[in-house]
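Since the structure comes first, as structure tokens, the remarks are kept for the end.
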Amino acid sequence: MTTLRYPVLGLALLLAGCGHGNGQHEHDAAPVAAASTPAPAGTVAKAPASPAAFVPPADDAVPDSDFGKQVALGRKIFLDPDKYAAAYGGNHLSCANCHLDAGRLAHAAPLWGAWPMYPAYRGKNHRVNTFAERLQGCFRFSMNGKAPPAGDPVLVALESYAYWMSQGAPVGKALPGRGYPKLPKPALAPDYARGETVFKRDCAFCHGNDGQGQQVAGHVVFPPLWGPQSFNWGAGMHQLNNAAGFIKANMPLGRGGMLTDQDAWDVAYFMDAHERPQDPRFTGSIQATRAKYHNTPQSLYGTVVNGKLLGQGTAH
Ligand code: HEC
Ligand code: HEC
Numbered sequence: 001m002t003t004l005r006y007p008v009l010g011l012a013l014l015l016a017g018c019g020h021g022n023g024q025h026e027h028d029a030a031p032v033a034a035a036s037t038p039a040p041a042g043t044v045a046k047a048p049a050s051p052a053a054f055v056p057p058a059d060d061a062v063p064d065s066d067f068g069k070q071v072a073l074g075r076k077i078f079l080d081p082d083k084y085a086a087a088y089g090g091n092h093l094s095c096a097n098c099h100l101d102a103g104r105l106a107h108a109a110p111l112w113g114a115w116p117m118y119p120a121y122r123g124k125n126h127r128v129n130t131f132a133e134r135l136q137g138c139f140r141f142s143m144n145g146k147a148p149p150a151g152d153p154v155l156v157a158l159e160s161y162a163y164w165m166s167q168g169a170p171v172g173k174a175l176p177g178r179g180y181p182k183l184p185k186p187a188l189a190p191d192y193a194r195g196e197t198v199f200k201r202d203c204a205f206c207h208g209n210d211g212q213g214q215q216v217a218g219h220v221v222f223p224p225l226w227g228p229q230s231f232n233w234g235a236g237m238h239q240l241n242n243a244a245g246f247i248k249a250n251m252p253l254g255r256g257g258m259l260t261d262q263d264a265w266d267v268a269y270f271m272d273a274h275e276r277p278q279d280p281r282f283t284g285s286i287q288a289t290r291a292k293y294h295n296t297p298q299s300l301y302g303t304v305v306n307g308k309l310l311g312q313g314t315a316h
């Protein structure tokens, strides 16, 4: 990863784009410790157009109890797994890089949208998954790390945080704002070259021309979108529909909803047509791994794009 190339401009742009007046700005909790300037990662993105039905409790409403301590620890892990769940990290992303505003933001897979929906059957592993197992999945794939074992203190803290944030939410009823929006199929099949144009115009400024993001003093300020420090080939974000929905609702950061659906699909395709760490379920053969785990048009794993066979993985 490179160092920050446009520190002043970048921060100014972010500040202009972020929802001020929303009392949830959280400079203390953002993962950039060294800079005295407000930290982009972890700041609040502007909510997309459609409102969420559910309002989670305020951060300062965490009870002063043993349970409250677990909630607070869970929130810290969510914002800075490098520091608070170091044993299980593989890259330097934080949960909040994809679950924005510390897991509170609607249309960015908020925790209050998730918790009440588990246990749930998942086609990914053909089993009914507990919430803890869902958390393990994000460690293994999105964080390209190791799943904390059942009952591990890291899982207990994250579960407590999600449970606390979901108080009052109906159980088993998908709330508006859960997950990432499902975009309608694009008019034109997603395209690498068009996606590259969108990337250069609307994304490279923060994520870098090479997609490797930017760091300040060893902390990720703008996360990488591909390459050895990104989510791996097994992660949800490598699927075009998840990426397009996330990007449409939330990117460019602070200006969610700005891209057309077509732009969102194209740039998701461009991002997901780059190499990233191998799927940890790799069977030894790209074609066999595709057949077993990636047999969907939403995955470019094992396909040839722009003259390159994808799914080879990256060296660390
Ligand atoms: C690279 C992006 C990324 C990172 C980093 C990431 N996740 Fe996720 N997460 C996703 C995607 C994509 C999904 C699937 C969303 C969907 O199905 O709508 C998901 C789903 C989830 C869900 C289930 C959501 C639901 O509504 O069912 C939970 C809980 C979760 N992640 C927790 C975490 C935790 C905890 C971490 C950090 C240890 C983390 N995630 C890191 C991208 C990420
Ligand atoms: C103003 C700076 C900025 C711009 C421009 C921007 N992003 Fe981001 N992006 C961020 C930040 C910061 C995060 C992490 C959010 C957080 O931690 O709150 C992020 C997170 C992401 C993530 C999830 C994390 C990961 O590593 O996968 C994806 C995917 C993403 N951006 C894609 C895009 C795309 C595609 C564009 C262009 C359409 C774009 N971004 C434009 C700042 C930006």
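In this note's numbering, the protein residues as written are 1 to 316. Note that beta-carbon positions come from the ideal geometry of N, C-alpha and C, so glycine has one too. Only a predicted model underlies this, so the values are computations on that prediction, with no experimental measurement involved.
Query                                                                                                         : Result
Under the three-state DSSP convention, the category Arg104 falls into                                         : coil
Environment of Pro31 [buried if 16+ CB atoms lie within 10 Å]                                                 : In this predicted model, Pro31 has a pLDDT of only 32, less than 50, meaning its place in the structure is not dependable; the value taken from the coordinates is given anyway. Under this definition Pro31 is a buried residue.
Runs of beta strand (DSSP E) wholly within the segment 171 to 247 (minimum 3 residues, chain order)           : 214 to 216, 219 to 222
6 Å CB neighbourhood of Leu111 in its chain, flanking five on each side removed                               : Gly103, Ala162, Met165
Any non-hydrogen atom of ligand 4 within 8 Å of His207 CB                                                     : The model depicted lacks ligand 4 and carries ligand 1 and ligand 2 instead.
Exposure of Asn242, with buried meaning 16 or more beta-carbon neighbours within 10 Å                         : buried
Expected contact under 8 Å - CB spacing of Phe246 and Cys138 to nearest Å                                     : Actually they do not touch by this definition, with Cβ atoms about 14 Å apart.
Inter-residue spacing [alpha-carbon to alpha-carbon] between Ala33 and Met143                                 : Below a pLDDT of 50, predicted positions are generally treated as unreliable, and Ala33, at 31, falls in that range; the measurement from the model is reported next regardless. Their backbone Cα atoms lie some 21 Å apart in a straight line.
Rounded straight-line distance, which links the Cα of Leu105 to that of Gly254                                : 12 Å
Simplified DSSP state of Val304, which is helix, strand or coil                                               : strand
Sequence ranges, beta strand (DSSP E) only - wholly within the segment 241 to 286, length at least 3          : none
Distance, Leu100 Cα to Gly179 Cα                                                                              : 11 Å
Cβ-heavy atom distance, Thr99 to ligand 1, below 8 Å                                                          : The identity of residue 99 in the sequence shown is His, whereas the question assumes Thr. Yes, since a heavy atom of ligand 1 falls inside the 8 Å radius drawn around the Cβ of His99.
For Lys248 and Gly257, the rounded distance between their alpha carbons                                       : 5 Å
Strand pairing of Tyr161, partner residues [DSSP]                                                             : According to DSSP, which records beta bridges pairwise, Tyr161 is partnered with nothing at all.
Inter-stretch contact (C-beta, 8 Å, three-pair minimum) for the segment 280 to 288 and the segment 196 to 211 : no
Helix, strand or coil at Val71 according to DSSP, with G and I counted as helix                               : helix
Residue(s) in a DSSP beta bridge with Tyr121                                                                  : Val128
Within 9 Å, strictly: CB atoms of Gln278 and Leu93                                                            : no
Proximity test, Gly211 beta-carbon vs ligand 1 heavy atom, cut-off 8 Å                                        : no
Pick from Asn250, Ala120, Val154 that is closest to Ala87, judged by C-alpha positions                        : Val154
Contact check, Pro148 vs Ala85, beta carbons under 9 Å                                                        : yes
Host alpha helix (DSSP H) of Leu111 (start-end)                                                               : 111 to 114
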